[in-house]
Each structure stands twice: as C-alpha cells, then as structure tokens.
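Enquirer: Mind having a look at this structure? Questions to follow.
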Amino acid sequence: MTPVPVAETIAETRATVAAARAAGRVVSFVPTMGALHAGHAELVRVARRLAGPSGLVVVSIFVNPTQFGPAEDFTRYPRSLDADRTLCGDAGADLIFHPTPAEMYPGHAVAFADVTELGDHLCGPSRPGHFRGVCTVVLKLLNVVQPDVSVFGAKDAQQVRIVRRMVADLNVPGRIEIAPTVREADGLAMSSRNVFLDAAERAAAPRIYAALLAVRARARSGETDVARLESALRADLAAIPGARVDYARIVDDDRMQPLPRLDRPGLCAVAVFLGRTRLIDNLTLP
Ligand code: PAF
C-alpha cells in the first residue's frame, strides 16, 4: 500500500477537502496525535465506512502542545510519521493533515474553546487545562477539515463526551461518532503510551481492564451502591504491582458527574500510573 499523502498546511488541506466536496464526496475525519496503532486503524476503517468508497478520509496527526501540562510527556510523546502513513493507507485514509505547531498556533492566541461541568471530574482535575487544549485544537481541526463526520475512540470516554457537547452547544457542523476501544489479546486497551511500559509494567497492565470487568460483573449482579463499587475497584487497582491510582470513579455516563446509585447509565473510568506511564481505561455500566 502506498503511504498516504501528507499535507502540512491548512491551505493545502482545505483545497483537497474543497475539491472532494465539489465532487460530491462525503468527508470523514479522524483526529489523532500519531504513533498510530491498531486502535487508530479501527477509527480510520470506521471513517472509511462512514464516508463510503468514494468519500475522502482525512486523518490529522498533530501532537498538540496545549493539551499537555508542564510536567507531562509532551516532548517524549512517541512520533512515527512514516509508519503512521503506511497504517493510514492500509486502513483506508486518503490524506494526512500533519501541521507544524507554528501552522496551528501562529501567534499569541487570545481565543479558546472549553466546556464546563463535563470536565469537573476524572481527567479534568488531574490535568488542569487539558480539556481546554483538547477542545481548542479539535475545534480548530474541525474548522480546517469541515468534515461531515468525525470519529473518536471510546477509550478517551470523557474527551469524546466533551467534544460531542462542544459540537452540539456551539452548532459546529458535522457529527461525532464513537468507535469501540481496541484491546490487546490480554485486555490491555491499545494506547500510543503502551510503548513506554517496561516488561514488568506491561505484564501488570491488563489487570486494569480486569478490575473494570470485575466492577461491571458486580453491577450486573445487582450492586447499585457506587461507593461500594468504587472501593472494590480501588482495592483491585491498588493490588496491581507498581500501580499508582490517579483516579477510579463511577460517574453519570452523560454529564460526567458523581452518581450515588447506579440508577441510570454510568461510566466507570480509571487513570493509573505504571511507573511514569499514565494509562486510562473505562467501561460503561451496568
Ligand atoms: O485523542 C487524541 O489523540 C487527542 O486528544 C486529539 C483528539 C487528537 C486532540 O489533540
């Protein structure tokens, strides 16, 4: 498969999209930060299905500095454009938008996008400014590509709910679709950060998903008390060798707020450090 062409400028990307649209093609879009893996390939395949065989599938690859905190892993975030181009081609993409930071953030910006409430819990408090960075870059990318449909991964559960809400509240054209989390054979959710795990951490990592499955099993067998479910979850996570739990919460699946009882759909979400690597995962409940 020929590597997918790369556009580095907004103007070039817009010109390609405009030509596709003028030809009546559906435009679908997958925003990523690169270091692509099988989970991203699935997002691209979903985007291809949604665009149809004659549609234009655009993937953006941009490690967005504004969504990383000062002590986070922006500089060491993996980058692998050549391999990403091949993966995108195999999965059915037509164009990669790979801007430089200067192309995306040419000067001192004074306007940003953000959401309230949905970022109050889970990753919001642990990563101050993260969702403002995500919302701003996603809105900018949507303004560049102007897709009919964009595909996000379910692994970033809070992110996709926030983006959906931003798009709805700000009347951004195009719809947002969610593709299921892709897992390794042992259950570990695929993530670009998994490459940072050493052998012991990699061996321990699937226990995160096992802990989530145990919560779901308890919920399905009738436990509705969220405090009890959360405390069992924390105990399971704390028993993972080398793990440091950032958060382990059950929230309302829609508004991402604390939920005393599982009397409506919930989201069980965790962030766990294994060494220096922060892994997130989630399951809907019950
Ligand atoms: O999920 C990601 O990879 C990023 O947060 C996104 C949506 C590409 C924005 O930078």
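Here our numbering is used: the first residue of the sequence shown is 281, the next is one more, and so on.
Note that CB positions come from ideal geometry on N, CA and C, so glycine has one too.
Please find out if some non-hydrogen atom of the ligand PAF comes closer than 6 Å to the beta-carbon of Val425.
Expert: Not under cutoff, so the answer is no.
Enquirer: Between the region 446–456 and the region 508–522, can you find at least three pairs of beta-carbon atoms closer than 8 Å?
Expert: No, they do not touch.
Enquirer: Do three or more CB pairs link the region 354–362 to the region 394–410 at distances below 8 Å?
Expert: These segments do not touch.
Enquirer: Starting from the Cα of Val418, find the closest Cα among Arg482, Leu375, Ala507 and Thr312 and give me that residue.
Expert: When only C-alpha atoms are compared, the closest one is Thr312.
Enquirer: Gly369 to Leu492, Cα distance in whole Å?
Expert: Rounded to the nearest angstrom, the two C-alpha atoms are 34 Å apart.
Enquirer: Can you give, in chain order, each stretch of the alpha helix (DSSP H) that sits fully within the region 380–464 and has at least 4 residues?
Expert: You should have 381–384, 403–406, 410–425 and 437–449.
Enquirer: Is Val337 near the ligand PAF - that is, is its Cβ less than 6 Å away from at least one heavy atom of it?
Expert: Answer for Val337: no, Cβ out of range of the ligand PAF.
Enquirer: Using a Cβ-based criterion (distance less than 6 Å to any ligand heavy atom), does Thr355 qualify as near the ligand PAF?
Expert: Flag unset: Cβ of Thr355 not near the ligand PAF.
Enquirer: So what does DSSP say about Ser472, is it helix, strand or coil?
Expert: In this structure, Ser472 counts as helix in the three-state DSSP scheme.
Enquirer: Once DSSP output is grouped into helix, strand and coil, what is the label at Ser570?
Expert: Residue 570 is absent from the structure shown; the chain starts at 281 and stops at 566.
Enquirer: Cα-Cα, which of Leu554, Arg558, Val429 and Val440 is closest to Ala483?
Expert: Among Leu554, Arg558, Val429 and Val440, the Cα nearest to that of Ala483 belongs to Leu554.
Enquirer: CB Val424 to CB Ile530, shorter than 7 Å?
Expert: Their beta carbons are not under 7 Å apart, which means Val424 does not touch Ile530 by this criterion.
Enquirer: Quick one: does the C-beta of Thr366 sit closer than 6 Å to a heavy atom of the ligand PAF?
Expert: The answer is no for Thr366.
Enquirer: Apart from the five residues on each side of it in sequence, which residues of its chain come closer than 6 Å, Cβ to Cβ, to Leu563?
Expert: Excluding sequence neighbours, Leu563 sits near Leu492, Arg496 and Cys548.
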